[in-house]
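For reference, the structure discussed in these notes is given below.
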Amino acid sequence: MTSLISERLPVFVVTGFLGSGKTTLLRQILALPESSDSAVIINELGEVGLDHELIEFSQDSTVVLQGGCICCTIRTDIEQALNHLFSARDAGRIPRFKRLIIETTGIADPQPLIFTLHTNPLAASRLDRPHVITVVDGILGLSTLSTHPEAMAQLIAAHTVLISKRDLASQHTELFEVLRLNPWARLIHADLLKDDLRSLFAQPAAARQLDHDVPGALSHNAQRDGVAREHEVSAFCVILERPLNWSGFGVWMTMLLHAHGARVLRVKGILNVDESPGPVFFHCAQHLVHPPEHGDRWPTDDRRSKLVFVVQGLDPTRIKRSLQVFDAIAKVATPVPDSAGYLSAGAGGAVAGRPVRRPTTPRWIKG
Amino acid sequence: MTLRHEREARVALLKRLLAPFGLRSRDWGGNSYVLQNHDGRRQNVYNLNGIWAAVDALIPGGCDPLDPRFLDTLSKAEPGCDVPHQ
Chain G
1 MTSLISERLP VFVVTGFLGS GKTTLLRQIL ALPESSDSAV IINELGEVGL DHELIEFSQD
61 STVVLQGGCI CCTIRTDIEQ ALNHLFSARD AGRIPRFKRL IIETTGIADP QPLIFTLHTN
121 PLAASRLDRP HVITVVDGIL GLSTLSTHPE AMAQLIAAHT VLISKRDLAS QHTELFEVLR
181 LNPWARLIHA DLLKDDLRSL FAQPAAARQL DHDVPGALSH NAQRDGVARE HEVSAFCVIL
241 ERPLNWSGFG VWMTMLLHAH GARVLRVKGI LNVDESPGPV FFHCAQHLVH PPEHGDRWPT
301 DDRRSKLVFV VQGLDPTRIK RSLQVFDAIA KVATPVPDSA GYLSAGAGGA VAGRPVRRPT
361 TPRWIKG
Chain Z
368 MTLRHEREAR VALLKRLLAP FGLRSRDWGG NSYVLQNHDG RRQNVYNLNG IWAAVDALIP
428 GGCDPLDPRF LDTLSKAEPG CDVPHQ
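Just so you know, the sequences run in chain order G and Z. Quick note: the first sequence, position 280, residue 280 per the working numbering, numbers continuous. Counting the second sequence from 1 gives a position; the working numbering is that position plus 367.
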């Protein structure tokens, strides 16, 4: 029983615009003998036959979280599919699959799906962090990215970008420049029908290592003078010389995401935090903030904080100045020594306009 | 730094950030925040996201951390915190 709940299965999200080659990729991968231990969730009916392991979706029902925005929606169809798959797996009705592949529709923004995989209790306890593979059409990709915001969202969410149709088009200089708006993504140029792409679905741990590759993203950005622009999407890096105050950073980030969350497409950073011996890795995508991770050691001798932003229509200089101001104030803001900043538990307040009073600890408990 | 110290530091920072809006923030019982405006109206919120939503409700136009005027006001209020425009 322990093995049922202690393992975390790798999960791969295959996304890409209509006609980019998602299903071709999936067919090639699922045809391999080692794919027999895979389960597949697919949006479109009848694209790939995988007997009882195939779950089909024809509806895209969504529920908006209270206080959330449009990017923080729960994909209930995915939740139901996960429940069905894992209950069947645990009951022995289907083979014990060892990895999960989810194919999105071509016009889907993958963010709600990723949000669901992070917040759904079943997914959070049984699945590893999702690895997003975005297929970009090697011929039409450039025009698709410029005309369809969903295609840009798919690109920004990617851990790996697979440029398809290498056999049909060879010149991609301009396309590669646009793809670099996601500076963390591994770029692979492939012929989906001929190349061996099984390594794409084999090493989620190695892919996760790329999550922490902020210096790598930074160096690439530096080669392009720090900023690349395409349809108001820009990628840039903020470098801070002094160690960051963690409280100040947290308050600033929540305020920034509250005011501009839909336009802060992704943020990744390696932070030098006050009183922290090693680096702190920070990662967020729109309103979805991942728990920060503490590293044991710095990857290089450079101990400065580096934050790479991918934003839409926001001014990089304003973002940097804002963070610096918040950090400077947090460093001098000392806690109030008296009761001016503190209300006792029994002081009373208001929730949704109604007066409330928090019960104080009874005398018989205090002793 | 203990969780309590971190919370106190956060409240102290919020006090400075919200002062330009005429708002006062206080820690209530160690697990929620109370926002209060000039009229004495109080709003109880449980996390930072709730604070910004409450500020939006209490202030026309809400608060924007990238607003240069807001940053100028903060910089001038705290000696040594001035970060020039770049």
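No residue lacks a Cβ here, since even glycine has one placed at the ideal position from N, Cα and C. These figures come from a predicted structure and were not determined experimentally.
Item to complete: With DSSP as the reference, label Ser36 (chain G) as helix, strand or coil.
Response: The sequence position of residue 36 (chain G) within the first sequence is 36, counting from 1. If DSSP states are grouped into helix, strand and coil, Ser36 (chain G) belongs with the helices.
Practice prompt. Step through the CB atoms of chain Z and report whether any lies within less than 8 Å of the CB of Gly226 (chain G).
Written response: The residue labelled residue 226 (chain G) in the question sits at position 226 within the first sequence. Reliability fails at Gly226 (chain G), whose pLDDT of 36 lies under 50, so the model's placement of it is uncertain and no value is given.
Worksheet item: Taking C-beta to C-beta, are Phe281 (chain G) and Gly295 (chain G) nearer than 8 Å?
Response: Against the first sequence, residue 281 (chain G) aligns to sequence position 281. Against the first sequence, residue 295 (chain G) aligns to sequence position 295. One thing to note: Phe281 (chain G) has its Cβ within 8 Å of the Cβ of Gly295 (chain G).
Discussion item. By the 7 Å beta-carbon criterion, what residues does the stretch 111 to 137 of chain G contribute toward chain Z?
Written reply: Within the stretch 111 to 137 of chain G, no residue has a Cβ that lies closer than 7 Å to any Cβ of chain Z.
Discussion item. Using only CA atoms, which one of Z:Leu384, Z:Ile418 and Z:Leu370 lies nearest to His328 (chain G)?
Written reply: Along the first sequence, one-based indexing puts residue 328 (chain G) at 328. The displayed chain sequence assigns Ala, not His, to residue 328 (chain G). Relative to Ala328 (chain G), the option among Z:Leu384, Z:Ile418 and Z:Leu370 whose CA is nearest is Z:Leu384.
Worksheet entry | Reduced DSSP secondary structure (H/G/I, E/B, other) of Glu241 (chain G) | Along the first sequence, one-based indexing puts residue 241 (chain G) at 241. In this structure, Glu241 (chain G) counts as coil in the three-state DSSP scheme.
Worksheet item: Is the Cβ-Cβ distance between Gly21 (chain G) and Gly106 (chain G) less than 8 Å?
Response: Walking along the first sequence from the start, residue 21 (chain G) turns up at place 21. Walking along the first sequence from the start, residue 106 (chain G) turns up at place 106. Gly21 (chain G) places its beta carbon 8 Å or farther from that of Gly106 (chain G).
Practice prompt. With DSSP as the reference, please indicate the residues paired to Gln312 (chain G) in a beta bridge.
Written response: Residue 312 (chain G) sits at position 312 when you count from the first residue of the first sequence. According to DSSP, which records beta bridges pairwise, Gln312 (chain G) is partnered with G:Val233.
Worksheet item: Where His118 (chain G) and His283 (chain G) are concerned, what is the direct C-alpha to C-alpha distance, given to the nearest angstrom?
Response: One-based indexing of the first sequence puts residue 118 (chain G) at position 118. One-based indexing of the first sequence puts residue 283 (chain G) at position 283. C-alpha of His118 (chain G) to C-alpha of His283 (chain G): approximately 13 Å in a straight line.
Worksheet item: Can you give the Cα-Cα distance for Ile29 (chain G) and Gly429 (chain Z), rounded to whole angstroms?
Response: Translated into positions along the first sequence, residue 29 (chain G) becomes position 29. Translated into positions along the second sequence, residue 429 (chain Z) becomes position 62. Rounded to whole angstroms, Ile29 (chain G) and Gly429 (chain Z) show a C-alpha spacing of 50 Å.
Worksheet item: DSSP puts Gln410 (chain Z) in a beta bridge; with which residues?
Response: Taking the first residue of the second sequence as 1, we reach residue 410 (chain Z) at position 43. Partner(s): Z:Leu402.
Item to complete: Within the same chain, show all residues whose beta-carbon is closer than 6 Å to that of Lys331 (chain G), passing over the 5 residues directly before and after it, in chain order.
Response: Stepping through the first sequence from its first residue, residue 331 (chain G) is reached at position 331. Apart from sequence neighbours up to five positions away, the residues of its chain that approach Lys331 (chain G) with a beta-carbon distance below 6 Å are Asn245, ordered along the chain.
Discussion item. Please list, in chain order, the chain G residues whose beta carbon lies closer than 7 Å to that of Pro387 (chain Z).
Written reply: Locating residue 387 (chain Z) in the second sequence gives position 20, where the first residue counts as 1. Ordered by position in chain G, no residue passes the 7 Å Cβ test against Pro387 (chain Z), which lies about 12 Å from the chain.
Worksheet item: Which first and last residues belong to the alpha helix (DSSP H) in which Phe282 (chain G) is found?
Response: One-based indexing of the first sequence puts residue 282 (chain G) at position 282. Careful: Phe282 (chain G) lies outside any alpha helix (DSSP H), inside the beta strand (DSSP E) at Val280 to Ala285.
Worksheet item: Hey, quick one: how far does the alpha helix (DSSP H) through Leu370 (chain Z) stretch, first residue to last?
Response: Mapped onto the second sequence, residue 370 (chain Z) falls at position 3. Residue range Leu370 to Leu385 is occupied by the alpha helix (DSSP H) that includes Leu370 (chain Z).
Worksheet item: Does the stretch 245 to 264 of chain G come close enough to the stretch 297 to 304 of chain G to have 3 or more Cβ pairs within less than 8 Å?
Response: As far as the Cβ criterion goes, the stretch 245 to 264 of chain G does not touch the stretch 297 to 304 of chain G, which means the pair count is below three.
Worksheet item: Leu456 (chain Z) touches chain G at which residues, Cβ-Cβ below 7 Å?
Response: This structure cannot speak to residue 456 (chain Z), because chain Z is shown only from 368 to 453.
Worksheet item: Nearest-angstrom Cα distance between Pro215 (chain G) and Ala108 (chain G)?
Response: What you label residue 215 (chain G) is simply residue 215 of the first sequence in a count that begins at 1. What you label residue 108 (chain G) is simply residue 108 of the first sequence in a count that begins at 1. Residue confidence for Pro215 (chain G) is low, a pLDDT of 46 falling below 50, so the modelled location carries little weight and cannot support an answer.
Discussion item. Could you check whether Ala39 (chain G) and Leu100 (chain G) sit closer than 8 Å to each other, using their CB atoms as the reference points?
Written reply: The residue you call residue 100 (chain G) lines up with position 100 of the first sequence. The residue you call residue 39 (chain G) lines up with position 39 of the first sequence. Pairing Leu100 (chain G) with Ala39 (chain G) gives a Cβ-Cβ distance under 8 Å.
Worksheet item: Should Leu390 (chain Z) and Val422 (chain Z) be called a contact, given that it needs their Cβ atoms to be closer than 8 Å?
Response: Locating residue 390 (chain Z) in the second sequence gives position 23, where the first residue counts as 1. Locating residue 422 (chain Z) in the second sequence gives position 55, where the first residue counts as 1. In this structure, Val422 (chain Z) lies closer than 8 Å to Leu390 (chain Z) by Cβ.
Worksheet item: Candidates G:Ala262, G:Pro243, G:Phe249 and G:Pro279: which alpha carbon is nearest Val233 (chain G)'s?
Response: Counting from one through the first sequence, the residue named residue 233 (chain G) turns up at place 233. Checked all of G:Ala262, G:Pro243, G:Phe249 and G:Pro279; the closest Cα to Val233 (chain G) is G:Ala262.
Worksheet item: Can you tell me where the beta strand (DSSP E) with Glu103 (chain G) in it begins and where it stops?
Response: Your numbering for residue 103 (chain G) matches position 103 in the first sequence. Per DSSP, Glu103 (chain G) belongs to the beta strand (DSSP E) from Arg99 to Glu103.
Worksheet entry | DSSP state of Lys306 (chain G) mapped onto helix, strand, coil | As a first step, residue 306 (chain G) is located in the first sequence; it is residue number 306 there, counting from the start. Here Lys306 (chain G) sits in strand by DSSP.
Discussion item. With H, G and I counted as helix, E and B as strand and the rest as coil, what does DSSP make of Gly21 (chain G)?
Written reply: Indexing the first sequence from 1 puts residue 21 (chain G) at position 21. Assignment of Gly21 (chain G) by DSSP, reduced to helix, strand and coil, places it in the coil class.
Discussion item. What would DSSP say about Gly397 (chain Z), mapped onto helix, strand or coil?
Written reply: For this step, residue 397 (chain Z) is matched to residue 30 along the second sequence. In the structure shown, Gly397 (chain Z) falls within a coil segment according to DSSP collapsed to helix, strand and coil.
Worksheet entry | Proximal residues to Met253 (chain G) (C-beta, below 6 Å), its chain only, five neighbours per side dropped | By 1-based counting over the first sequence, the position of residue 253 (chain G) is 253. None.
Worksheet entry | Own chain partners of Ile239 (chain G) with C-beta closer than 6 Å, once the 5 adjacent residues on each side are dropped | Here the question's residue 239 (chain G) lines up with position 239 in the first sequence. For Ile239 (chain G), the CB contacts under 6 Å within the same chain, skipping 5 residues up- and downstream, are Arg304 and Lys306 in chain order.
Worksheet item: Should Ala185 (chain G) and Arg166 (chain G) be called a contact, given that it needs their Cβ atoms to be closer than 8 Å?
Response: Translated into the one-based positions of the first sequence, residue 185 (chain G) becomes position 185. Translated into the one-based positions of the first sequence, residue 166 (chain G) becomes position 166. No Cβ-Cβ contact shorter than 8 Å links Ala185 (chain G) with Arg166 (chain G).
Worksheet item: Beta-carbon of Gly269 (chain G) versus every beta-carbon of chain Z: anything under 8 Å?
Response: Stepping through the first sequence from its first residue, residue 269 (chain G) is reached at position 269. Taking Cβ atoms only, chain Z never reaches closer than 8 Å to Gly269 (chain G), which makes this a no.
Worksheet item: What three-state label does DSSP hand Thr300 (chain G) in the structure shown?
Response: To locate residue 300 (chain G), count along the first sequence from 1; it is residue 300. Thr300 (chain G) falls in the coil class under three-state DSSP.
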